[in-house]
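As numbered in full-length UniProt numbering, residues 1 to 284 make up the sequence shown, in order. One structure is given here, and the rest of the page talks about it.
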Amino acid sequence: MSLVTERRFRQRLEELSIVWHVNNHQPALAWAAAAVTWVAAPERDIMTIPKQLDALADALWKWADETGQPEPLTIEAVAEGFVALGFRGNTENYDDRRNSFLEDVLTRRVGIPITLSVVFIELAARFGLRCEGINFPGHFLVRYSGPDGVGYLDPFHQCQWLDSDGLQQLLQQMCGPQEQLCAEHLQVAQPADIFLRMLNNIYRIGLEAKDWTTALRARRMQFIVCPEDPYIRRDIGLLCFQLERWSEAVIWLEEQKQNTMSEAQHRILEAHINEAKRELARWN
């Protein structure tokens, strides 16, 4: 990792901090989702995303005209057009991290449930249709609300509509046969929720690939939104330790130790802190 890239990433962290804590409001959904790409490419300009979404809406208008869709477009027409434009779930390589980067999803037209849902929500909004992300366990969904009623759809599976039985079946697929559908499973996801969940995917992929830098960046970005989360702080310290960034590891782990009540966790953190300090001493 080059010093230039690391410096640019730190600048992006400052931008995130300003957006979330200085402006005192959550960012727009498309911006929050697009910012996730800074984990891998902090130099990338995400301000082009709205124009790309506008172009996508133009393409859907063209499809609607060619197929004789009545105006104004219904949610069913937008869902059909979304599939006709080639958007689909990446079942072949689900853990390809590009599935979590909005610009790549717009270009490649494959993704995971949460990124495809973001694209669908933004596309529907351009036709005056109200859709929201739903933090469904294990599989992000979209909820449509309109004068014709409320419905749930799954952009990952060709915009399949899900009734209560379909939602129950999906829940049991994700969580086991004992799970019963309740209101908690259908909570609306705010931009911050979507941002954090997308970064969780990147963090998991980074850990599984032993790509500690990617995992660390994901946690650093999450920390901007959730500075009080002890698990995020702990993970940042341990990942700095893994990357042999000893001074940073000591700072993060010392801070975490002060907020840890468990004696067992204290001992684990103390062991890592002492080893990091020994490594630092070797270079002084």
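Don't be surprised by glycine CBs; every beta carbon is placed ideally from N, CA and C.
Each of GLN172, ASP235, GLN169 was checked against the Cα of ASN200, and the nearest Cα belongs to ASP235. In this structure, CYS226 sits near LEU196, with a CB-CB distance shorter than 8 Å. For TYR94, no beta strand (DSSP E) segment is defined, and its DSSP state is neither H nor E.
Spatial neighbours of GLY151 in its own chain (CB-CB distance under 7 Å, excluding positions within 5 residues in sequence) are listed in chain order as TYR144, TRP161. Here MET198 is buried: its Cβ has 16 or more other Cβ atoms, across all protein chains shown, within 10 Å.
In summary, VAL188 is exposed, with fewer than 16 beta-carbon neighbours lying within 10 Å of its beta-carbon over all protein chains present. A direct Cα-to-Cα measurement between ALA32 and PHE87 gives close to 21 Å. In the three-state scheme derived from DSSP, where H, G and I count as helix and E and B as strand, GLN180 is classed as coil. Judged by DSSP in its simplified three-state form, SER2 adopts coil rather than helix or strand. For GLU244, no alpha helix (DSSP H) encloses it, and the DSSP letter there is neither H nor E. With a cutoff of 8 Å on beta-carbon distance, LEU153 and ALA79 are scored as near each other.
When secondary structure is reduced to three states using DSSP, TRP161 falls in the strand class.
In this structure, the beta-carbon distance from CYS240 to GLU228 does not fall below 8 Å. Given a length threshold of 4 residues, each whole run of the alpha helix (DSSP H) inside the region 48-84 is given here in chain order: 49-66, 75-84.
Counting other Cβ atoms within 10 Å of its Cβ, VAL4 stays below 16 and is therefore classed as exposed.
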